[in-house]
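Q:
Numbering (the working numbering), first residue to last: 183 to 802.
Okay, structure coming up:
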């Protein structure tokens, strides 16, 4: 051992993007002092980005400016240690982060790299479940340093590939998102000497308790995000040990803000509008704006967004996306696709308390209790009701009508298989029906009791279509809510269907509330191509401003067993038409909406309900 070296390096905890390295140097008494920026020099190896030939800023025992020292006679040594990060828990009730209760947690399954003094890679390995690493047969009397990448790349029976990167780059010609800089933790250069070396690295939160603000680099943030995802992975592979997931980029930045949203440039300037998973980019984004909202330590938020990635990669989501608030009566697909991820995060984190803290240093934040949270009316359209329903099926705490547990294995099986190919829209009905087929009579009874608690049809009356559902959410126009599916036959018959914004309050509508999308169950009698015709029957007189936001814009998606068959998304006013590919006889589903209810520029005089004549005609 070399105790002097341990003392001189244990405080090194600077985090930085790989392509914008900053080194923390140590003064003679072991106190950190700022280092200078290193040159931006890169080399691509095996389709990954590594740093090469970074010059300047030597320290920590280097004798010749960061290069190799002439090797002295001696046996090879071992360089080992642990990597950890500071985790900041929430205050009671999720009222802000409790920096005074900060603890250290191991950095698990992250890539640890041994570099020579010039930055050339000598070896790499994943850190252990305790954050440990060990490099043996390291040349004695050699200048080296340790770098820990904010990535987890595990191969084997179960495998995954996760990288945490900085998305913000507003320069012209900025590289693609997948090539943006990855965060890392790095020691200064040190000499291995002639005996084994122990070197521990700590990624600090960067918070100064006395100043009540961030005063140092927020090194812990990328590793906290990575560790939450690792926790979720361990929960999943307990029931699916051979799970192979596609690569995932997670983008966190101190500039990622929840207070603004830029649809076109948010990925580059940080105006992401809140933590999210982008189904088009196959990427997660996490807020880090210290003056607005930081989510790196909000493990339930990170877990929720990671579950959206699972929905995209191995499960199924029919989510509409868009703004949704606690207590909203949502389209059933959105209620499911937002409630289920919260429930899963609560499961694998072992806590029913979904915490969303606000601005650091304040008491801002809110909590959703997966055991007892109630916000607004209950039903199959309630996001928090879905959270309670799924979580109570899994947990072993008995309260009210919740006795027993079906365990996670059948829940996962439904999401992995039955829910993926259900012929109906994926929601609480399809999940409950598929789950009933996998559990025993006690499980059936638990499912029914919890559906009853959520004011949703259960027992023998339950089917994937919600045929016997009677809860209309207190609709002013219940005929636009129930029945949930409108039956049609592709024989040219016309059916009048209305898109109703009765649950979408406010002048700026969201377009994703109950009764705005109307579900169609279509019976196709014979193999053929079909003309689809949608015509508005609600008068919408033009307003004087001559824009098109006062005219209806019908849209439709046609699906079979979870697979899109036809998308009708033109901007034609009051009319939509298209031709299907050849359809085999069978059952299809479609949704019909007026896009104008999702239009941020909708006319203030636009009617709250717009109806359409819809028909599917066999082609001549």
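Glycine is no exception: its CB is placed at the ideal position from the N, C-alpha and C atoms.
Between 742, 744, 707, which lies nearest to residue 798 when the distance is taken from Cα to Cα?
A: Ranking the options by Cα distance to residue 798, first place goes to 707.
Q: Which same chain residues, not among the five before or five after residue 636, have their C-beta less than 6 angstroms away from its C-beta?
A: Closer than 6 angstroms at Cβ, skipping near neighbours: 560, 567, 571.
Q: Leaving out five residues before and five after residue 603 in sequence, what residues of the same chain have Cβ atoms less than 7 angstroms from its Cβ?
A: Here the set comprises 743, 744.
Q: With C-beta atoms as the reference, is residue 328 less than 8 angstroms away from residue 279?
A: Not closer than 8 angstroms, so no.
Q: Going by alpha carbons, who is nearest to residue 764 out of 718, 710, 732?
A: Out of 718, 710, 732, 710 has the C-alpha closest to the C-alpha of residue 764.
Q: Mind reading off the beta-carbon distance from residue 371 to residue 320? Whole number of angstroms is fine, and I expect it under 8 angstroms.
A: That belief does not hold up - the Cβ atoms of residue 371 and residue 320 are roughly 14 angstroms apart, past 8 angstroms.
Q: Select from 309, 323, 300 the residue whose C-alpha is nearest the C-alpha of residue 259.
A: Residue 259 has its Cα closest to that of 323, out of 309, 323, 300.
Q: Can you tell which of 269, 640, 649, 367 has the C-alpha that lies nearest to the C-alpha of residue 702?
A: The residue with the shortest Cα to Cα distance from residue 702 is 649.
Q: Give a yes or no on contact between the region 326-342 and the region 297-314, applying the rule of three or more CB pairs nearer than 8 angstroms.
A: Judged by Cβ distances under 8 angstroms, the region 326-342 makes contact with the region 297-314, as three or more pairs qualify.
Q: Mark residue 307 as exposed unless 16 or more other C-beta atoms lie within 10 angstroms of its C-beta, in which case mark it buried.
A: Residue 307 is exposed by the Cβ-count criterion.
Q: Roughly how many whole angstroms lie between the Cα atoms of residue 495 and residue 375?
A: Spanning the two alpha carbons is a distance of roughly 48 angstroms.
Q: Between residue 544 and residue 536, is the Cβ-Cβ spacing less than 8 angstroms?
A: Not in contact: residue 544 and residue 536 (Cβ atoms no closer than 8 angstroms).
Q: Within the same chain, show all residues whose beta-carbon is closer than 8 angstroms to that of residue 252, passing over the 5 residues directly before and after it, in chain order.
A: With a pLDDT of 44 at residue 252, under the threshold of 50, the predicted position of this residue should be treated as unreliable, though the coordinate-derived value follows. For residue 252, where only same-chain residues beyond five positions count, the Cβ hits under 8 angstroms are 323.
Q: Taking the alpha carbon of residue 614 as the point to measure from, which residue in 664, 429, 562, 689 has its own alpha carbon closest?
A: The residue with the shortest Cα to Cα distance from residue 614 is 562.
Q: By how many angstroms is the C-alpha of residue 680 removed from the C-alpha of residue 794?
A: Cα-Cα distance, rounded: 6 angstroms.
Q: What is the rounded straight-line gap between the Cα of residue 414 and the Cα of residue 530?
A: For residue 414 and residue 530, the distance between alpha carbons rounds to 6 angstroms.
Q: Ends of the alpha helix (DSSP H) at residue 524?
A: Taken as a continuous stretch (DSSP letters only), the alpha helix (DSSP H) holding residue 524 covers 514-531.
Q: Check whether the Cβ atoms of residue 440 and residue 493 sit closer than 8 angstroms, and answer yes or no.
A: Not a contact, by the Cβ cut-off of 8 angstroms.
Q: Kindly indicate which residue of 669, 349, 366 has the alpha-carbon position closest to the one of residue 469.
A: Cα-wise, what sits closest to residue 469 is 349.
Q: Could you tell me which residues DSSP pairs with residue 364 in its beta bridges?
A: DSSP, once it has assigned bridges, lists 347 as partnering residue 364.
Q: If we ignore side chains and look at the alpha-carbon of each, how far apart do residue 482 and residue 448 end up?
A: Each residue's alpha carbon lies about 23 angstroms from the other.
Q: Quick check: is any heavy atom of the ligand SAH less than 7 angstroms from the C-beta of residue 386?
A: Absence of the ligand SAH from the depicted structure is noted, as is the absence of any ligand whatsoever, leaving it without description.
Q: Starting from the C-beta of residue 640, find all residues in its chain whose C-beta is less than 6 angstroms away, skip the five residues before and the five after it, and write them out in chain order.
A: These residues qualify, in order along the chain: 630, 633, 634.
Q: DSSP three-state label for residue 613, please.
A: Residue 613: helix per DSSP, three-state reduction.
Q: Check residue 232 in the structure and name its three-state DSSP category.
A: With a pLDDT of 28 at residue 232, under the threshold of 50, the modelled position of this residue cannot be trusted; read the value that follows with caution. Note: residue 232 maps to strand in three-state DSSP.
Q: For residue 455, which option in 729, 462, 461, 445 has the closest C-alpha, if you only look at C-alpha atoms?
A: Among 729, 462, 461, 445, the Cα nearest to that of residue 455 belongs to 445.
Q: Which partner residues does residue 549 have in the DSSP bridge list?
A: The partner list for residue 549 (beta bridge, DSSP) reads 537.
Q: Whole beta strand (DSSP E) runs in the region 435-489 with 3 or more residues, listed along the chain?
A: Segments of the beta strand (DSSP E) lying fully in the region 435-489: 458-460, 465-468.
Q: Kindly list the residues whose CB is nearer than 8 angstroms to the CB of residue 285, restricted to its own chain and excluding five residues on each side of it in sequence; keep chain order.
A: Answer for residue 285: 268, 269, 271, listed in chain order.
Q: List, from N- to C-terminal side, the beta strand (DSSP E) runs of 3 residues or more that fit wholly inside the region 296-359.
A: Fully enclosed beta strand (DSSP E) runs of 3 or longer: 303-308, 314-320, 325-331, 333-336, 342-347.
Q: I'd like to know whether the C-beta atoms of residue 519 and residue 500 end up nearer to each other than 8 angstroms.
A: In this structure, residue 500 lies closer than 8 angstroms to residue 519 by Cβ.
Q: Can you check the region 375-405 for any beta strand (DSSP E) of at least 3 residues that lies completely inside it and give the ranges in chain order?
A: Counting only runs of 3 or more, we get 383-385.
Q: Any idea if residue 247 is buried or exposed, counting beta-carbon neighbours within 10 angstroms, 16 or more meaning buried?
A: At residue 247, the pLDDT of 32 sits below 50, so the modelled position is not reliable; the number obtained from the coordinates is stated separately. Per the 10 Å Cβ criterion, exposed.
Q: What residue does the alpha helix (DSSP H) around residue 592 start on, and which one ends it?
A: 590-595 is the span of the alpha helix (DSSP H), which, as asked, contains residue 592.
Q: Buried or exposed: which applies to residue 737, given that a residue is buried once 16 or more other Cβ atoms fall within 10 Å of its Cβ?
A: By the neighbour-count rule (16 or more Cβ atoms within 10 Å), residue 737 is buried.
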